[in-house]
Amino acid sequence: MRVELREIGSDRLLEHLEVEALSEVPQPGRWLECGPRSFLVLQRRHRYRLRSGRYELAAVALQVKIQRRPGDARRWGGGWVIGDPQCRFNARSPLLRCAVLPEGPCDRCSHFSPLSSGPLSSGPHSSGPRSAGPL
31 MRVELREIGS DRLLEHLEVE ALSEVPQPGR WLECGPRSFL VLQRRHRYRL
81 RSGRYELAAV ALQVKIQRRP GDARRWGGGW VIGDPQCRFN ARSPLLRCAV
131 LPEGPCDRCS HFSPLSSGPL SSGPHSSGPR SAGPL
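Throughout, the numbering used here is defined as the position within the sequence shown, counted from one, plus 30.
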């Protein structure tokens with residue numbers, strides 16, 4: 031299957047790849063490395079063609095941003111984040127590290143504040159429903 035890497039905004043074709051299965055095509059929010067170049071996948075679009083009266087998947091177009099994966103990027107919660115996701119100021123995004131010190135690094139930030147046991151933390155009390163509390 032053909033995978034097209036297209037620059038976000040201009041839709042200019044940067045590169046194309048061949049993969050065996052649809053499961054090998056990265057989802058948005060993941061980095062893709064092709065030789066010396068690195069891309070952040072922002073959108074994924076499927077392209078179909080009509081053959082014998084039926085539509086079939088012909089290619090996948092990935093809208094990407096040419097970007098080297100930051101050294102402090104890590105897998106967290108089924109996706110990628112930049113910086114320390116245990117800080118309450120972290121954006122938990124592959125695009126932005128945090129609101130306080132977006133250029134990083136987290137280990138030198140004087141505003142580091144660990145998550146409390148709230149809805150965003152990964153503690154044992156984070157998956158239960160929140161109570162409204164006394165009125």
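Where a beta carbon is used, it is the ideal one built from N, C-alpha and C, also for glycine.
Computed from a prediction, not measured in an experiment: that's the story for all the values here.
Based on the DSSP secondary-structure assignment, which residues constitute the bridge partners of E37?
Position 7 of the sequence shown holds residue 37. According to DSSP, residue pairing for E37 in a beta bridge involves V94.
According to DSSP, simplified to helix, strand and coil, what is R67?
In the sequence shown, the residue the question calls residue 67 occupies position 37. Looking at R67 - three-state DSSP - the assignment turns out to be strand.
DSSP state of E86 mapped onto helix, strand, coil:
What you label residue 86 is simply residue 56 of the sequence shown in a count that begins at 1. In the structure shown, E86 adopts extended strand secondary structure according to DSSP, grouped into three states.
So is I96 buried or exposed if we call it buried at 16+ other beta carbons inside 10 Å?
Position 66 of the sequence shown holds residue 96. Looking at its Cβ environment, which holds fewer than 16 other Cβ atoms inside 10 Å, I96 is exposed.
Could you tell me how far apart the beta carbons of R74 and L92 are, in whole angstroms, since I believe they sit closer than 8 Å?
One-based indexing of the sequence shown puts residue 74 at position 44. One-based indexing of the sequence shown puts residue 92 at position 62. Contact holds; Cβ gap of about 6 Å.
Quick one: is L80 buried, meaning 16 or more other Cβ sit within 10 Å of its Cβ, or exposed?
In the sequence shown, counting from the first residue as 1, residue 80 sits at position 50. With fewer than 16 Cβ atoms within 10 Å of its Cβ, L80 is classed as exposed.
Pair every Cβ in the segment 32 to 48 with every Cβ in the segment 99 to 111, then say whether three or more of these pairs are closer than 8 Å.
A contact between stretches requires three or more CB pairs, one per stretch, nearer than 8 Å, and the segment 32 to 48 fails this requirement with the segment 99 to 111.
Give a yes or no on whether the C-beta atoms belonging to P132 and G109 are separated by under 8 Å.
The residue given as residue 132 occupies position 102 in the sequence shown. The residue given as residue 109 occupies position 79 in the sequence shown. No, the pair does not count as a contact, with Cβ atoms beyond the cut-off.
The beta strand (DSSP E) spanning H46 covers which residue range?
Locating residue 46 in the sequence shown gives position 16, counting from the first residue. Annotation for H46: the continuous beta strand (DSSP E) segment containing it runs L43 to E48.
How many Å lie between S157 and R42 at the Cα?
Numbered from 1 along the sequence shown, position 127 holds the residue referred to as residue 157. Numbered from 1 along the sequence shown, position 12 holds the residue referred to as residue 42. Confidence at S157 is low in this model, with a pLDDT of 40, below 50, so the placement of that residue should be treated as unreliable; the coordinate-derived value is given next. Approximately 43 Å, taken between the alpha carbons.
Inter-residue CB distance, A129 and F119 (contact presumed, cutoff 8 Å):
Taking the first residue of the sequence shown as 1, we reach residue 129 at position 99. Taking the first residue of the sequence shown as 1, we reach residue 119 at position 89. Right, their Cβ atoms sit about 6 Å apart.
What are the boundary residues of the beta strand (DSSP E) that A103 is part of?
Start at 1 with the first residue of the sequence shown, and residue 103 comes out as number 73. Taken as a continuous stretch (DSSP letters only), the beta strand (DSSP E) holding A103 covers A103 to W106.
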